[in-house]
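Here's the structure, in structure tokens; my notes come after.
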Amino acid sequence: MGKTKQKASWMQSRIWSLPLLFTLLFVFALPVTANVMDGAKRVTLVNPDISVREALKSVEKQTGITIMFQSDIINDEIRLKLNLKNVSLREALEEICMPAGLQFEVKEDYILIVKAKERPKGASRKKITGTVIDEKGEPLMGVTIFIENDRSRGTITDANGHYELEAAPSDLMVFSYIGMTKQSITPRNDTVVNVAMQEDAKMLSDVVVTGFQTISKERATGAFDIIKQATLDKPSTTIADRLVGRIAGVQATTTADGDISFTIRGQGTLQSDKAPLIVVDGFPISTGFSSINPNDVESISILKDAAAASIWGARASNGVIVVTTKKGTKGKGLKVSVDAQVRIGSKTDIDYLRNILSSEETIEYQKKTFGTYQRPAKFPSSNPTSATLTDVFENAYTQAGVLYNKYKNLGEISESEYNAGLAALAQLDNKKQIEDELLRRPVYQQYNITLSGGTERMDNYVSLLYGYDISRYQKNNSQNFQFDYRGNMKLLKWLDMNIFATARYKAADQSGASAGEFTALAPYDMIRNTDGSQADMSYLRQYADGVNTVPNKFNFPYSDWSYNIAREVNGRDVTDKILNGRFQVGFKATILEGLTFDTKFQYEYVQQDTRNLYSEDTYNVRNTINMYSTLDWKNNTAKPNIEKGNILRENKFTTDAYNWRNQINFNRTFAERHAINFVGGIEISQNKAKRRTFAPIYAYDDEYLTSYPIQNTKVEDIFGNKNAVIDTRSSFSYALQRYFSAFANLAYTFDDKYSISGSYRTDASNFISDDPKYRYSPFWSVGFSWNMTNENFMKSIHWLDYLRPRITYGRNGNANTTTSMYPLIEMMGIGRNSEVPYARFTAYGNPNMSWEHTNTVNIGFDWSMFHGKFYGKFDFYNKKGTDIMADVSVPIASGQFIITDQIAITGAKITANAAEITNRGIELELGGSLPIGKDFHWNGNVTLAYNKNKVDKFYVNYIDKSDMLRPTAVEGYNIFGLWAYRYAGLTEVNSTSGTGKSNVPSIYIDKEGNTSPINSIPPEVDGRDALEYMGTTIAPWTIGMSHAFSYKEWELSFTMTGKFGHKFRQTTFNYADPLTSIPNRQYSQLSDEGVIPMPTDKTIALSAYASFAPYMDYNIKSANNVRMQELSLSYSVPNRILNKWGISRLTCYLQGNNLFTIKATDEDPEYSYGSFRLQPTYTIGVKFAY
């Protein structure tokens, strides 16, 4: 069957045309020249107490430009408080000269400092005009300007940052804007006064971005946290790294591969989405942190309580993480920034991962247990017949197990040969071969280049990222390409336009071995023979001697039925390609002063293509084709039913999503006492997901694009099964989610003291009930805060900068998209026996299904002391979740009902709003920033959080014991409750052999102390009676510490985290069946008192012990741990050197992550024995800009 290669989809071509379009737009929008004073010379001068003379000398030293002045014009009693970071020379001189009554003149090759012109006495008022901009040169709309001694004379800047005001030369003009440092300027003889405002350095004056609006933290009533640029600027491969350990109440879970997920203030749902909502530049995204270039992020706001997050309504119960990206700078020349880094990981800790005994110890254990502790079974034969062929393929024995079977059961080898074989195995060790053939040291490289700039009417920002990841598995690699563009344009005086576009492409080769493939190896299972050839490892798949005999008796398509893990890896080509495109466009129209209208649209497209090509060299292909052969035992022939050749399997997943939002914004201050911030609007969104799993293609030729069609899907296989069906089925899935939302948020502040806030939002969705009382659920919040330090009675407390109590209450929501108000039916394909389409119900449907609701009360305090040197915050919260989705039993009259003769339901459970969950806790954050000596500086913070989680309501008549051995919801306990059997010691019972007595482990089965042997527990015993609550697996107490110490151009920083108060189930001995499995390293535990010993009844299968022993109460241990998350050292080349090179920044850094863990046990509580554990990584890199 011929095929032709398909062209790229229309969507792919459109997405990848965006980079060219926006790059051209960016290049042509840049100004041709740049002012030398603005860009070429950069100055950094941070000193809270410095004289004018010292400041000028520092500038002269950094820039290399001579600064001349007469000594008597400098007033040495004037002390300056400077916080200049990489600013232009002009900006630095303005900050130094203006407060000292000086001005500067630029000469040909030097700068002259002179006295400012005298103010004319008795001068009359005149019109002062000017423009107010921020640190990036962007105009600030809504800046309040007034005369200090006459507040009746005031104005507000327009959309262009322009203002006009009548003032006398001696008047003091005050400029005030949320999130910016207030400035006071005397106009003197100037008629034009332009002001560049700087962001307030104090923690409590930050601007909070909710995704819908930007408000001052001084006026916000909710619980927010902000990650600033200084933290985000540290090297990382994902922005998730920057959140770990820095925010109280945000608990991180990190996989061994470094993937990070977060829980904010505890988990409040059972089946719905548990992750926080991620918002980028105002819109939610579906692709998570991986689609965000960490070098493009300017700030991150974490919204915790109802007042902060309720504007997001039905998606806010889990908290909201709002990411704001960087933008270009209007009126500035081209700025280029480059970041290059290499992260080197540690070699895999194979001993920890495999957790097995040595070869010698393994053989010793197997010799002791062969012939005992195992259930009677049919022993495979090396020369199987049609009656015993199944035994060959259903019994994969260890090499030692094969020797025992040949000696004891089949009599094919003598005792001496058996012992010699075991002795030879005991001398082998495959650890080095695994390291050489399958593993390697992981390395990740990332390179990012950023170009930014703009004209007076437009700013542009372009970033290009390339990442190359060499996995710990050989043959596993990935490449990541990402392009981002952001542009802001002033189309008209009253109309602004902004554009954002990103395109990300990731290509991954996943052909390498998986952990499961090589952890199944016994320590004596060698990958290569002594001569270097690949060893036959067929014993890992079937009974080795038998499967190697069968092909010799028949003319199979493949006479070689052997398996080797390295051969398997080399014979397959498994690739995964992901294309992610996101486009935003928005318009802002200024209607009146402080009143604007926004319309924004986002489109997101994700496509993932998985391609698994297995060559004839893989056991996968040879086994599949041979197994579907029809055997003629009389003539010893095999008729193939599948043509020989490669097998191709492909999957495709796509997501189309859009959001369209229209909103009115009003932000204005009246009479300098009444500040109003309002936003209201509507939003519609849709997310459409399609998944296609294509039928396997047999006899596929990747060069000629040909394949072989299957003529008959129902065949007779090698076992004589005449109804064996060859897999030729494709499957398809489709999911559509639609939302409609209406929202409003109002904040009012009186006299910079009292702030109240209120929000309301209603959401509707296509998977919620048709009944309006369920579908349109209101989400709302109210809040109050009091800036006490602005009260007159607080003025005398000079050391206290800021004290603000606040309280909020409100309701958020969560959506469950796994079920519906209607029954959900999944088509299962063609029946193997009926050969007609059939389906099954995946959900029965619930016509009364509604949103999950979370009511939250939050009481908090914010403070700052000693001019921002110390600051902190405290919060208490209580989150009450109601209408939580859970599976509940429902009566079905017949126990089963049939929709058609091909569609049936059995069981009796539906998903309904049936549970209630409470999360209650406290959060404390303390921070500081102190100069220690002339060139030494410290800043840091410590966070502490406590969360108590409880399922308040979830009635279940009966809970099976096995269900409670994994985290499950039990009324009255933590969602992540850890339950264990109470070991009652050994009980003497009749032997299962029918003769004599034996000692069997027993457990307590109720609270009255009654016991039962583990092999005869009454089935009616409820898990809540048989098991004991041991604690929670999620830490209720968490701490985080982040500190940075800087000395001149050097900075040393570290981050540590701690988790306390939780438990984990330590790894126990696995009671390995000696024929089929390998004993782990916990074998020595059996000698400990109070631990279940090996069975005394030799006829008991070891698997019976293995299913109980790990869940005994004595295995529960403390999971307390402290981790060194990050240790970083950086050096920034001084500006005095950079200015000579025309470079504005050059920083080199060295960083270590996951360097060590302090814990109560040898086993890591978060990475148990037998799995990958988090290991140290080391990053070296450089950042420079010009």
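Each residue of the sequence shown is one higher than the one before, starting from 1 at the first, in full-length UniProt numbering.
Glycine included, C-beta positions come from ideal geometry on N, C-alpha and C.
Is it right to say residue i is buried, meaning 16 or more other beta carbons lie within 10 angstroms of its own, or is it exposed?
i            : result
residue 4    : With a pLDDT of 41 at residue 4, under the threshold of 50, the modelled position of this residue cannot be trusted, and the question is left open.
residue 212  : buried
residue 370  : buried
residue 394  : exposed
residue 1031 : buried
residue 901  : Note that residue 901 has pLDDT 33, beneath the 50 cutoff, so the model's placement of it is unreliable and no number is given.
residue 909  : exposed
residue 645  : buried
residue 750  : exposed
residue 39   : In this prediction, residue 39 has a pLDDT of 49, which is less than 50 and means its spatial position is unreliable; what the coordinates show is noted afterwards. So residue 39 counts as buried.
residue 1050 : exposed
residue 632  : exposed
residue 21   : Summary for residue 21: the model assigns pLDDT 42, below 50, so the residue's position carries little reliability; its value from the coordinates is reported in the next sentence. Result: exposed.
Residue i: which of the options sits nearest, CA to CA?
i            : options               : result
residue 239  : 291, 718, 210 and 263 : 291
residue 803  : 243, 391, 872 and 71  : 872
residue 98   : 642, 55 and 61        : 55
residue 1040 : 955, 923 and 154      : 923
residue 109  : 144, 533 and 65       : 65
residue 336  : 366, 546, 461 and 62  : 461
residue 785  : 752, 793, 779 and 776 : 752
residue 521  : 430, 505, 529 and 349 : 430
residue 655  : 712, 679, 578 and 52  : 578
residue 115  : 125, 104 and 124      : 104
residue 280  : 432, 515, 484 and 140 : 484
residue 807  : 780, 822 and 757      : 757
State the beta-bridge partners of residue i as determined by DSSP.
i            : result
residue 937  : 931 and 1046
residue 489  : 458 and 497
residue 164  : 129
residue 867  : Paired residue(s): none; residue 867 is not in a bridge.
residue 844  : DSSP lists no partner for residue 844.
residue 948  : 920
residue 1065 : 1116
residue 319  : Residue 319 pairs with nothing; no bridge assigned.
residue 340  : 447 and 1182
residue 508  : 478 and 576
residue 887  : 911
Along the alpha helix (DSSP H) that carries residue i, what are the first and last residues, could you check?
i           : result
residue 313 : That residue, residue 313, is in no alpha helix (DSSP H); it is neither H nor E in DSSP.
residue 726 : Neither: residue 726 is in no alpha helix (DSSP H) and is coded neither H nor E.
residue 393 : 389-394
residue 599 : Run containing residue 599: none in the alpha helix (DSSP H); it sits in the beta strand (DSSP E), 595-614.
residue 250 : Taken as a continuous stretch (DSSP letters only), residue 250 belongs to no alpha helix (DSSP H), being part of the beta strand (DSSP E) at 250-254.
residue 365 : 359-369
May I ask which residues mark the beginning and end of the beta strand (DSSP E) holding residue i?
i           : result
residue 168 : Here residue 168 belongs to no beta strand (DSSP E), and DSSP marks it neither H nor E.
residue 81  : 79-88
residue 737 : 731-750
residue 581 : 572-592
residue 351 : It is not in any beta strand (DSSP E) - residue 351 instead sits in the alpha helix (DSSP H) that spans 350-354.
residue 48  : 42-51
residue 782 : 777-786
residue 627 : Per DSSP, residue 627 belongs to no beta strand (DSSP E); it is in the alpha helix (DSSP H), 619-627.
residue 549 : No beta strand (DSSP E) contains residue 549, which is instead part of the alpha helix (DSSP H) from 544-553.
residue 667 : 646-670
Residue i and residue j look like a contact to me (Cβ under 8 Å); what is the Cβ gap, rounded to whole Å?
i            : j           : result
residue 941  : residue 925 : 6 Å
residue 707  : residue 695 : Contact flag wrong, Cβ pair sits at about 11 Å.
residue 1033 : residue 967 : 6 Å
residue 113  : residue 102 : 6 Å
residue 272  : residue 814 : 5 Å
Under 7 Å: does the beta carbon of residue i sit that close to some heavy atom of the ligand ZN?
i           : result
residue 638 : Ligands displayed in this structure: none; no statement on the ligand ZN is therefore possible.
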